[in-house]
Amino acid sequence: TVPAGRRDKRWKLLGFQDEDPRTDFRGGGLLSLKCLIWMMRMDGPRVASLIHESTGQGQLGPEQWYPFAAAVINVCFEMSNWLMLDQRRDGG
Numbered sequence: 023t024v025p026a027g028r029r030d031k032r033w034k035l036l037g038f039q040d041e042d043p044r045t046d047f048r049g050g051g052l053l054s055l056k057c058l059i060w061m062m063r064m065d066g067p068r069v070a071s072l073i074h075e076s077t078g079q080g081q082l083g084p085e086q087w088y089p090f091a092a093a094v095i096n097v098c099f100e101m102s103n104w105l106m107l108d109q110r111r112d113g114g
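Note that the sequence shown covers residues 23 to 114 in this note's numbering.
Rendered as structure tokens:
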């Protein structure tokens, strides 16, 4: 089930690094949140499968787990830098 509140240990099951997902969004901002929402709306079953794999329960195995949501947030953060979408950063 999806966590109802802001602080919940189940957020970590979705790939956030903490029980409060806001801490992960500090770097990626609103763009990363919109990307996660878009991914779920466009292909929820595939994202659910990726989340399952990222926990080490799928073909990757427990030694190759990664925090899915944090990974998406970091990719969005880097892409916004490469595309120079955030004028507070120097693009490099």
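For every residue, glycine included, the Cβ atom is placed at its ideal position computed from N, Cα and C.
Please read these numbers as outputs of a predicted model, since none were measured by experiment.
message: Using C-beta distances below 6 Å, list every residue in its chain close to D46, excluding the 5 sequence neighbours before and after it, in chain order.
response: Excluding residues up to 5 positions away in sequence, F38, Q39, A92 and I95 lie with their Cβ nearer than 6 Å to the Cβ of D46 in the same chain.
query: Just the Cα atoms here: how many angstroms apart are C98 and L58?
result: Using only the alpha carbons, I get a separation of about 10 Å.
message: If you follow the alpha helix (DSSP H) that V69 is in, where does it begin and where does it stop?
response: That run of the alpha helix (DSSP H) goes R44 to S76.
Span separating the alpha-carbon of S71 from that of M106: Pairing S71 with M106, the inter-Cα distance amounts to about 31 Å.
- prompt: Ends of the alpha helix (DSSP H) at R28?
  reply: Counting along the chain, R28 falls outside any alpha helix (DSSP H), and DSSP gives it neither H nor E.
message: Let me confirm a value: G66 is counted as buried when at least 16 other C-beta atoms fall within 10 Å, else exposed. Which label applies?
response: Answer is exposed; the Cβ neighbour count stays below 16.
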